[in-house]
Amino acid sequence: MFGEAGLRKKCRDVEVFDDKLWVLIDDMRETMDRFGGVGLAAPQLGILRRVIVIEDDDLLHEFVNPVITFMKGKQREIEGCLSSPGEWGYVNRPAKIKIKAHNRYGKEFETEADGVFAIAICHEVDHLNGIIFTDIADEMVDDEEELEKAKRARNRRRKKKRKV
Ligand SMILES: [Zn+2]
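Taking this note's numbering, the leading residue of the sequence shown gets 2, the next gets one more, and so forth.
1) Would residue 84 and residue 45 be called neighbours here (beta carbons separated by less than 7 Å)?
2) With DSSP collapsed to three states, give me the class of residue 147.
3) Say whether the region 42–59 touches the region 70–79, bearing in mind that this needs 3 or more beta-carbon pairs closer than 8 Å, one atom from each stretch.
4) For the pair the region 62–69 and the region 96–108, tell me if three or more CB-CB distances fall below 8 Å.
5) Return the chain-ordered ranges of every beta strand (DSSP E) run that is complete within the region 11–71 and spans a minimum of 3 residues.
6) Shortest alpha-carbon distance to residue 28 belongs to which of 18, 107, 56 and 43?
7) Can you determine whether any heavy atom of ligand 1 sits closer than 6 Å to the C-beta of residue 123, and answer yes or no?
8) Using a Cβ-Cβ cutoff of less than 8 Å, which residues in the same chain neighbour residue 137 once the five nearest sequence positions on both sides are dropped?
9) Taking buried to mean at least 16 other C-beta atoms within 10 Å of its own C-beta, is residue 89 buried or exposed?
10) Which two residues bound the contiguous beta strand (DSSP E) that contains residue 142?
11) So is residue 33 buried or exposed if we call it buried at 16+ other beta carbons inside 10 Å?
12) Just the C-alpha distance for residue 115 and residue 147, rounded to the nearest angstrom, thanks.
13) Beta-carbon within less than 6 Å of residue 10's beta-carbon, same chain only, minus the 5 sequence neighbours each way: which residues are those?
14) Considering only the beta carbon of each residue, do residue 4 and residue 47 sit closer than 7 Å?
15) For residue 165, does the three-state DSSP call read helix, strand or coil?
16) Between the Cα of residue 41 and those of 22, 24 and 62, spot the shortest distance and give me the residue it belongs to.
17) Where does residue 111 sit, in a helix, a strand or coil, going by DSSP?
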């Protein structure tokens with residue numbers, strides 16, 4: 002939860018890709034699922050290691066030691082965080098990114114992301130560096146009606162992307 006010291010620390014790289022890591026990743030997937038999030042970072046469970054999981058298009062992605070290697074364009078979308086239920090705000094993010102990471106077995110891979118997937122990756126990588134979205138939001142949204150409107154607009158853009 003916001004306010005806990007662990008969320009302000011810079012996390013360390015994973016060096017050993019063993020069953021301890023797999024249990025952590027499985028825990029993270031389960032927690033994200035249970036709370037209906039689109040992403041989760043290890044420090045949100047109090048583990049200061051560079052691991053994130055993201056759900057996109059009903060697919061679960063695992064990134065160990067993720068590094069964003071390329072950013073292009075801009076998008077501004079409403080964001081929230083499982084560590085701070087009820088807080089929402091607009092954040093500027095790159096429209097497109099490339100990311101390098103390891104899978105849970107230690108194999109390196111590179112992938113591209115855009116739209117909400119890119120936002121989720123940026124949000125979770127920020128967590129690994131002790132940054133939370135309220136630090137960089139340019140506008141927080143408290144008004145219930147405005148919030149619902151913003152979420153609907155975001156989901157519409159998400160669905161449109163899904164059809165392509
Ligand atoms: Zn978060």
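Each residue gets a CB set at the ideal place from its N, CA and C atoms; glycine is no exception.
Taking the definition as stated:
1) It is a contact, given that the beta carbons lie within the stated cut-off.
2) helix
3) no
4) yes
5) 40–42 and 52–57
6) 43
7) The nearest non-hydrogen atom of ligand 1 is 6 Å or more from the C-beta of residue 123.
8) 92, 93 and 127
9) buried
10) No beta strand (DSSP E) contains residue 142, which DSSP labels as neither H nor E.
11) Buried is the call here.
12) 25 Å
13) 49 and 131
14) no
15) Annotation note: pLDDT 46 at residue 165 (below 50); position unreliable, coordinate value reported separately. Correct three-state label for residue 165: coil.
16) 62
17) strand
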